[in-house]
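Numbering (numbering that gives the first Met the number 0), first residue to last: 0 to 463. Just so you know, even glycine gets a beta-carbon here, dropped at the ideal spot from N, CA and C. Here is the structure we will look at, set down as C-alpha cells.
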Amino acid sequence: MRPVMRPVVREVARLSVVLAALLAVPAVPDVAYAQKKGAAAKEKEPPPPTENQELNLAVGENKTIPANDVKNYSEGTPGVVDIKLTTDASAFVVVGLKAGSTSLLLIKKNGQEVTWTINVFARSPAIVENELKQLLEGYTGVKVRRVGSRLFIEGSVASENDVKRIAQIASVYGGQVESLVGVGATKDRTNIRIDFFFVQYTKDSGYQLGISYPGRIGGEVIQSNIGYDFVTGTTSAVTNVVNQPLPGLDIASRFGWAKVLKQATVITTNGADAVLDAGGEQNYPIAAGITSSVMKITFGTVLTVQPFFDPVSREVEIKVQADVADLMPPGRGTSIPSRNVTKVQTVVHMRLGQSLVLSGFRFENERKSVEGLPLLKDIPIIGVLFGSQKFETQESEGAVFLVPSVVEPSNKPAIDFVNETLKVYEDWSGSPVTGTPMPSVYDKAPNKFVPSELPEPAPTPKKK
Numbered sequence: 000m001r002p003v004m005r006p007v008v009r010e011v012a013r014l015s016v017v018l019a020a021l022l023a024v025p026a027v028p029d030v031a032y033a034q035k036k037g038a039a040a041k042e043k044e045p046p047p048p049t050e051n052q053e054l055n056l057a058v059g060e061n062k063t064i065p066a067n068d069v070k071n072y073s074e075g076t077p078g079v080v081d082i083k084l085t086t087d088a089s090a091f092v093v094v095g096l097k098a099g100s101t102s103l104l105l106i107k108k109n110g111q112e113v114t115w116t117i118n119v120f121a122r123s124p125a126i127v128e129n130e131l132k133q134l135l136e137g138y139t140g141v142k143v144r145r146v147g148s149r150l151f152i153e154g155s156v157a158s159e160n161d162v163k164r165i166a167q168i169a170s171v172y173g174g175q176v177e178s179l180v181g182v183g184a185t186k187d188r189t190n191i192r193i194d195f196f197f198v199q200y201t202k203d204s205g206y207q208l209g210i211s212y213p214g215r216i217g218g219e220v221i222q223s224n225i226g227y228d229f230v231t232g233t234t235s236a237v238t239n240v241v242n243q244p245l246p247g248l249d250i251a252s253r254f255g256w257a258k259v260l261k262q263a264t265v266i267t268t269n270g271a272d273a274v275l276d277a278g279g280e281q282n283y284p285i286a287a288g289i290t291s292s293v294m295k296i297t298f299g300t301v302l303t304v305q306p307f308f309d310p311v312s313r314e315v316e317i318k319v320q321a322d323v324a325d326l327m328p329p330g331r332g333t334s335i336p337s338r339n340v341t342k343v344q345t346v347v348h349m350r351l352g353q354s355l356v357l358s359g360f361r362f363e364n365e366r367k368s369v370e371g372l373p374l375l376k377d378i379p380i381i382g383v384l385f386g387s388q389k390f391e392t393q394e395s396e397g398a399v400f401l402v403p404s405v406v407e408p409s410n411k412p413a414i415d416f417v418n419e420t421l422k423v424y425e426d427w428s429g430s431p432v433t434g435t436p437m438p439s440v441y442d443k444a445p446n447k448f449v450p451s452e453l454p455e456p457a458p459t460p461k462k463k
C-alpha cells in the first residue's frame, strides 16, 4: 500500500505549485497599466499661464529684470534699449537708449512665457509729471494722462492765450508731452474788475490890444423908421446914424481853465466782453427853410473791455476800446455845441493791481491875428495906433489809464461797507455840513486775490 500513496502526494504538491504560479502571473500586467495611465495624465497637464509685466525708464537709466529659470529670451524692437545678461545668469540689465517702446519675451524652463513691455522716456515720467503739475497749477479744467511712453495734457481752458501757453509747455519736453487742450467751458470762471480813469486839464488865455478900425466906409448912413399905433393914435419916428467911420479902442484880456475827471468800473467774467455806456444825448432844433429837424449830439464815456486772466502767472491781458466825448461851447455864428472826442483802442498786458497808462497827450495852440489899416499897422512901434492885435493860447493835457483786479467773494468787511453806504444814503440830505460825505467805492476795491485763502461766507446785509 505504501508504494501506491507516494505518487498522489507528489501530484498534489505539483498542482499547488502550478496554481501558485498561475495566481502570480496576472499581477505583472496590472502594474504596467498603472504606469502607462500616470504618464498619459502627466502629458495632458495645461501649460503655465502667460504673465505681462511693464517697465518704465528714462534714456540712460539702468534697471534689472529677474532671469531665474529663464531658458530663452527674445527682444522686440531693436535700438530702443540695450539688454545684457549678468555673468551669473540671474538678471537682465536693461539700459534705455532712446525714447520709444519695445518688448522682451522670456521663456522659462517649465514652458511659462513672461512678456515685458518696456517704455523709454526722454526724461523720467515721475519728474516730468511733477513739473507739469507745477506748471499747470491753477488750470482746474486740465489734467495729465500717460499713455505708453508719452504724456498728454487734456482738458479745456478759458482763452486762446491759455491754449498757446500750455502748448509751449508741452513743446519743452521734445515730443514726450503733447497738448490736447482746447478752448471751452471751465469750472473756474474768475470775475475781473477793470477801473478806467480819464483825466484832462485845459487852460485858455488871450488878450486883444490896439485900435480897431471899421472895415467898410460908405453906403447907407442914415436909417429911418416911422410907426403908427392905432390903439393910442400916436405916431413914432426913429432915425439912426449907421456906418460911422469911427475907430474903437480894444483893450481886454481873458483867462480860463477846465478840468475833466471820468471814472468808470466794469466787472466781467474772464474772457468775456463788457460794455459800459455812461453819458447822455442832447437834442438841438435846426430850422431849414419852412421845415425843422432835431440834431442829436451824444456825449459821455463808452468803454469796451475783454480781459484774459492767467491764474498761474497772475497776469491779465486786456483788449480795450474807449471813447470819451465832452460838449464844448458853440463856435461863432452857431448855437450848436461842438464835441471834444478822445478815442483809445489797444491791447495791454499787465499784472493785477498795477496801473497802466493807455495813452497820454499834451498839446498847445497859439494864435495871433492883426487887424487894422493897411501898411500903417505894419509900422514898428507906432503901428499899434493903426491896428489891433489879438493873441490866443490854449493848453491841454490828459491821460487814460487802467487798474485791473480780481473780484473776491464778499467777506464781512465788504458787507459792513455795504451797510455803511446804505446808511449814508438814508441819512444824506444834500447838505455838505450836516450830511456825511459818501465814501468812495474805489478806495476799498480788492487789490489782491489769494486762491488758497478764500473767506468764509458772509451774512446777508440787513435791510434798513
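Item, Value
"Residues near V162 by beta carbon distance below 7 Å, same chain, minus five either side", "V156, V180, G181, V182"
"Which of helix, strand or coil DSSP assigns to Y424", "helix"
"Nearest residue (CA-CA) to L208, options Y172, V405, L384", "L384"
"Span of the beta strand (DSSP E) around R149", "149-156"
"Endpoints, beta strand (DSSP E) assigned at S161", "The sequence shown places Asp at residue 161, rather than the Ser named in the question. Unbroken run through D161 is the alpha helix (DSSP H), 159-170; no beta strand (DSSP E)."
"Cα-Cα separation, T420 to D426", "10 Å"
"Check whether M327 and R338 have beta carbons under 8 Å apart", "yes"
"Meets three-Cβ-pair contact criterion under 8 Å: the region 369-376 and the region 159-173", "no"
"Opening and closing residue of the beta strand (DSSP E) in which K83 lies", "80-84"
"For K142, the first and last residue of its enclosing beta strand (DSSP E)", "141-146"
"Limits of the beta strand (DSSP E) - the one that A98 falls within", "Segment: none, A98 is in no beta strand (DSSP E) and carries neither H nor E."
"Distance, G352 Cα to G99 Cα", "47 Å"
"Helix, strand or coil at A257 according to DSSP, with G and I counted as helix", "strand"
"Reduced DSSP secondary structure (H/G/I, E/B, other) of N190", "strand"
"Same chain, Cβ closer than 8 Å to N109, neighbours up to 5 away in sequence not counted", "P47, D68"
"Per DSSP, the bridge partner or partners of V405", "I191"
"8 Å Cβ cutoff met for F91 and A66", "yes"
"Simplified DSSP state of E316, which is helix, strand or coil", "strand"
"Under the three-state DSSP convention, the category N129 falls into", "helix"
"Length of the line joining the Cα atoms of V449 and T85", "Any reading at V449 must be qualified, since the residue scores a pLDDT of 37, below 50, and its modelled position is unreliable; no value is offered."
"Inter-residue CB distance, A321 and V399 (contact presumed, cutoff 8 Å)", "6 Å"
"Reduced DSSP category for F229 - H, G, I as helix; E, B as strand; rest coil", "coil"
"C-beta atoms of G255 and G278 nearer than 8 Å", "no"
"Beta-carbon separation (whole angstroms), R394 vs K202, contact threshold 8 Å", "The displayed chain sequence assigns Glu, not Arg, to residue 394. About 5 Å; that satisfies the 8 Å criterion."
"Proximity to G359 [Cα-Cα], best of V343, N55, G59", "V343"
"Beta-carbon gap between Q133 and R149 smaller than 8 Å", "no"
"Between the CA atoms of Q52 and I64 - distance to the nearest angstrom", "10 Å"
"Residues near D228 by beta carbon distance below 8 Å, same chain, minus five either side", "T234, S235"
"Contact set for V402: own chain, Cβ-Cβ below 6 Å, skip 5 residues either direction", "D194, S354"
"Pick from G78, W115, I250 that is closest to G386, judged by C-alpha positions", "I250"
"For V58 and K97, believed in contact at Cβ under 8 Å, the rounded distance", "6 Å"
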